[in-house]
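To keep things clear, I will list the structure first and then write my remarks on it.
Following this line, the structure appears as structure tokens:
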């Protein structure tokens, strides 16, 4: 007898097969259905909602009773990570808010101009045909001509090159193009292909993957693509993914394949749009936090999650693209940029390189806010760095109506007392001008700052008892403020923010604020001493700076000091792709930066407690 069930995912028009005893989340993920599971599938976020329209499943769990209302349960709502396939056939649907979607993100950022000096270079040569009077080997014949034009030093030649050089020379009628990566000959191509040299810069973020296709002859960026990181179905934060990788040897391979597939999809999109032949892409340069770096390379990340949280390698490492499954020229190279420490990766280094942090005239700060926020401070004497585990609250994972900045997400909020109605009113904007289905991090900051400024909550984020408003409702003994009424939304229920949401935000912002304060106090610097504060990353690009200061997320100082620089992680990676000098600077800066481990810093605990207030 078969131990599998046929499952029809109604709103996707897709059939999948489910093994008895498996959770619907595992079944859907393995079938390539991108469903949210911000907690990694342990029943702690309530985001992986599905509706079982036909079929019987396992009994409700305590997690489901906590996250699902009685009305939702009566309509067949379940948490995909909790409900298991039992028997028979199923019809399920996935609510819009539970599907991983492409979200608004900063795919570009501030980038310093650099002199074009890529590690990939082509040398076109023409040589005399072999003859009885000239019996040099084919390779010697090629190299003799190469050395007339360039001096690559000790040339690294492997057996692959020895195999292809005879045919390459003869097919090109004794002309050929030699492709170098540093002093290593990657390949030899018949004829003159010297004007076709491309590379790809990649930023592998916890939430998204961004890629830029670069013409390494002109230095021009010819295409940009991005997509959600498909690993998000296994956890919204890096700790969840490290934990998942540690459970089973095959899980690491699964996570690696997901991100490799994402990079290949982005490359396919870019070459499809531009007409560039993938065989003319010779290098991929990758930036990412240390956990993403390890998962991309297939390095066991378990020791990043265990004290003292050290990476397997700090320096930049390379591999042939073919070895790890990146689909470019079969002899192409993948280069992973160096990292600083277990929780400060090459993305933070790329941020620093892109904004030229080490050359600030006066003390300057760089903040990249995300699930794992990196903070770098140039004191004028040294560069300090730390990482704060802010968690996924900024991206909606632990917020009841939280979501990323996809279509339908409320992204800006303004709350005011409307004298014409004698009550508080709300103005908001929605990504994609759609009906709202949730609220993203930038709007959460706006709402909480507005609550505080309007006297709706106290400094500890608690709703005040003396405030009367129709927008303050009580459900399950919890006060909630209605941002959007059910009649306005695309989910036919009120979109609210309650005390638990505010507390989740306070915990996340306290981690970031404490990290900033520890670095400043460690260096005996105040926010007023800072000449510039660079705010990097997609999240930082869209926040209201005054509201972020009101909540205490960012230091209170002259707002003119704040500079939004976008996705400088991809900018720095692209600079490294275009310049060997920049790549050397990455290595130097990785060694130069002094990493501060917040978990053992004597100031962190008190700073964190102090930062829990607005």
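Numbering (my numbering), first residue to last: 38 to 651. Note that beta-carbon positions come from the ideal geometry of N, C-alpha and C, so glycine has one too. Nothing here was measured: the structure is a model prediction, and the numbers come from that model.
Open item on the list: So, for residue 392: in the same chain, excluding its five sequence neighbours on each side, which residues have a beta-carbon less than 7 Å away from its beta-carbon?
Closed with: If you number the chain shown from 1, residue 392 lands on position 355. Same-chain partners within the cutoff: 147, 403, 571, 602 and 605.
Task: DSSP state of residue 472 mapped onto helix, strand, coil - done: Here the question's residue 472 lines up with position 435 in the chain shown. Coil, per DSSP.
Open item on the list: To the nearest angstrom, how far is the alpha carbon of residue 140 from that of residue 265?
Closed with: Residue mapping note: residue 140 aligns to position 103 of the chain shown, counting from 1. Residue mapping note: residue 265 aligns to position 228 of the chain shown, counting from 1. Confidence in residue 140 is poor, its pLDDT being 46 and thus under 50, which makes the residue's placement unreliable; the coordinate value appears in the next sentence. Roughly 7 Å between the two C-alpha positions.
Task: Chain-order list of residues whose beta-carbon lies under 8 Å from that of residue 587 (same chain, five-residue window excluded) - done: Counting from 1 along the chain shown, the entry for residue 587 is found at position 550. So the qualifying residues of the chain are 486, 489, 490 and 651.
TODO: List in chain order: all unbroken beta strand (DSSP E) runs of 3+ residues lying wholly within the region 504-533.
DONE: 509-512 and 515-521
- [ ] Would you decide whether residue 378 is buried or exposed? Buried here means 16 or more other CB atoms lie within 10 Å of its CB.
- [x] Position 341 of the chain shown, counting from 1, holds the residue named residue 378. With 16 or more neighbouring CB atoms inside 10 Å of its own CB, residue 378 falls in the buried class.
TODO: Rank 412, 153 and 100 by C-alpha distance to the C-alpha of residue 633 and give the top, closest one.
DONE: Taking the chain shown and counting its residues from 1, one reaches residue 633 at position 596. Out of 412, 153 and 100, 412 has the C-alpha closest to the C-alpha of residue 633.
Open item on the list: Could you tell me the alpha carbon to alpha carbon distance between residue 521 and residue 533, rounded to whole angstroms?
Closed with: Residue numbering aside, residue 521 sits at position 484 when the chain shown is read from its first letter. Residue numbering aside, residue 533 sits at position 496 when the chain shown is read from its first letter. Whole-angstrom Cα-Cα distance: 7 Å.
Open item on the list: For a quick check, are the C-beta atoms of residue 222 and residue 194 less than 8 Å apart?
Closed with: In the chain shown, the residue the question calls residue 222 occupies position 185. In the chain shown, the residue the question calls residue 194 occupies position 157. Yes, Cβ-Cβ distance for residue 222 and residue 194 is below 8 Å.
TODO: Run the CB neighbour count on residue 574, radius 10 Å, all protein chains shown included, and call it buried at 16 or more, exposed below.
DONE: Here residue 574 refers to the residue found at position 537 when the chain shown is read from its first residue. That one is buried.
Open item on the list: Going by C-alpha to C-alpha distance, which of 81, 105, 306 and 77 sits closest to residue 87?
Closed with: As a working mapping, residue 87 is identified with position 50 in the chain shown. With distances taken between Cα atoms, residue 87 lies closest to 105.
- [ ] State the DSSP-derived secondary structure class of residue 140, mapped to helix, strand or coil.
- [x] One-based indexing of the chain shown puts residue 140 at position 103. For residue 140, the predicted structure reports a pLDDT of 46, less than 50, and the residue's modelled location is therefore unreliable. The matter cannot be settled from this model.
Task: Runs of alpha helix (DSSP H) wholly within the region 152-206 (minimum 4 residues, chain order) - done: Within the region 152-206, the runs of alpha helix (DSSP H) at least 4 residues long that lie entirely inside it are, in chain order, 175-186.
Task: Of the residues 111, 165, 567 and 554, the one placed nearest residue 596, counting alpha carbons only - done: Your numbering for residue 596 matches position 559 in the chain shown. Comparing Cα positions, the closest option is 567.
Open item on the list: If contact is defined by three or more beta carbon pairs under 8 Å, each pair taking one atom from either stretch, is the region 542-551 in contact with the region 381-397?
Closed with: no
Task: Beta-carbon gap between residue 423 and residue 569 smaller than 8 Å - done: The residue given as residue 423 occupies position 386 in the chain shown. The residue given as residue 569 occupies position 532 in the chain shown. No, the Cβ-Cβ distance between residue 423 and residue 569 is not below 8 Å.
TODO: Label residue 427 either buried or exposed according to how many other C-beta atoms from any shown protein chain fall within 10 Å of its C-beta, with 16 as the threshold for buried.
DONE: Translated into positions along the chain shown, residue 427 becomes position 390. When all chains shown are included, residue 427 counts as buried.
- [ ] Please report the Cβ distance between residue 29 and residue 447, rounded to the nearest whole angstrom; I am assuming they are in contact, meaning their Cβ atoms lie under 8 Å.
- [x] No information on residue 29 is available, as it lies outside the stretch 38 to 651 that the chain covers here.
TODO: Report all residues from its chain with a CB closer than 6 Å to the CB of residue 329; omit the five preceding and five following residues, and keep chain order.
DONE: The residue labelled residue 329 in the question sits at position 292 within the chain shown. Result list for residue 329: 241, in chain order.
Task: Stretch pair the region 104-119 + the region 73-91: three plus CB contacts closer than 8 Å - done: yes
TODO: Return helix, strand or coil for residue 344, following the three-state DSSP convention.
DONE: Walking along the chain shown from the start, residue 344 turns up at place 307. DSSP places residue 344 in coil when its eight states are reduced to three.
Open item on the list: In the DSSP assignment, the beta strand (DSSP E) including residue 293 goes from what residue to what residue?
Closed with: By one-based count along the chain shown, residue 293 stands at place 256. No beta strand (DSSP E) holds residue 293; the alpha helix (DSSP H) holding it covers 286-311.
Open item on the list: Please list the terminal residues of the continuous beta strand (DSSP E) segment that includes residue 2.
Closed with: Here the chain has residues from 38 to 651 only, and residue 2 is not among them.
- [ ] May I ask you to list the residues that DSSP assigns as paired with residue 41?
- [x] Indexing the chain shown from 1 puts residue 41 at position 4. Paired residue(s): 56.
Task: Closest Cα partner of residue 166 within the set 198, 210, 419 and 131 - done: Counting from 1 along the chain shown, the entry for residue 166 is found at position 129. With distances taken between Cα atoms, residue 166 lies closest to 210.
Open item on the list: Across the region 257-273 and the region 177-190, are there enough close Cβ pairs to call them in contact, namely three or more that are closer than 8 Å?
Closed with: no
- [ ] Identify, in the order they occur along the chain, each residue of the same chain with its Cβ nearer than 6 Å to the Cβ of residue 450, setting aside the five sequence neighbours on each side.
- [x] Here residue 450 corresponds to residue number 413 of the chain shown, with the count starting at 1. Hits under 6 Å: 465, 480, 483 and 484.
Task: Nearest-angstrom beta carbon gap, residue 42 and residue 120 [assumed within contact, 8 Å] - done: For this step, residue 120 is matched to residue 83 along the chain shown. For this step, residue 42 is matched to residue 5 along the chain shown. Between residue 42 and residue 120 the Cβ distance is about 12 Å, and since that is not below 8 Å, they are no contact.
Task: Own chain residues within Cβ distance below 8 Å of residue 626, not counting five before or after - done: Position 589 of the chain shown, counted from the start, is the residue given in the question as residue 626. Excluding sequence neighbours, residue 626 sits near 386, 389, 390, 395 and 420.
TODO: Tell me whether the beta-carbon of residue 176 lies closer than 8 Å to the beta-carbon of residue 199.
DONE: Within the chain shown, residue 176 is the residue found at index 139, counting from 1. Within the chain shown, residue 199 is the residue found at index 162, counting from 1. The answer is yes: Cβ separation under 8 Å.
Open item on the list: My parser needs the alpha helix (DSSP H) runs of 4 or more residues fully inside the region 322-406; what are they?
Closed with: 327-334, 358-361 and 383-392
- [ ] Look at the alpha carbon of residue 541 and the alpha carbon of residue 435, and state the distance between them as a whole number of angstroms.
- [x] Residue 541 sits at position 504 when you count from the first residue of the chain shown. Residue 435 sits at position 398 when you count from the first residue of the chain shown. The straight-line gap from Cα to Cα measures roughly 7 Å.
Task: Beta-carbon contacts of residue 645 that lie in its chain and below 6 Å, excluding the five residues immediately before and after - done: On the chain shown, residue 645 is found 608 positions in, with the first residue counted as 1. So the list reads 547 and 551, once near-sequence residues are dropped.
- [ ] Take the Cβ of residue 174 as the centre, count every other Cβ of all protein chains shown within 10 Å, and call the residue buried at 16 or more, exposed below.
- [x] Along the chain shown, read from residue 1 onward, the residue named residue 174 stands at position 137. Under this definition residue 174 is an exposed residue.
TODO: Inspect the beta-carbon positions of residue 238 and residue 267 and report whether they are closer than 8 Å.
DONE: Locating residue 238 in the chain shown gives position 201, where the first residue counts as 1. Locating residue 267 in the chain shown gives position 230, where the first residue counts as 1. At least 8 Å separates the beta-carbon of residue 238 from that of residue 267.
TODO: Compare the C-alpha of residue 349 against each of 201, 332 and 616 and name the closest.
DONE: As a first step, residue 349 must be located in the chain shown, where it is residue number 312. Closest option to residue 349, Cα to Cα, is 332.
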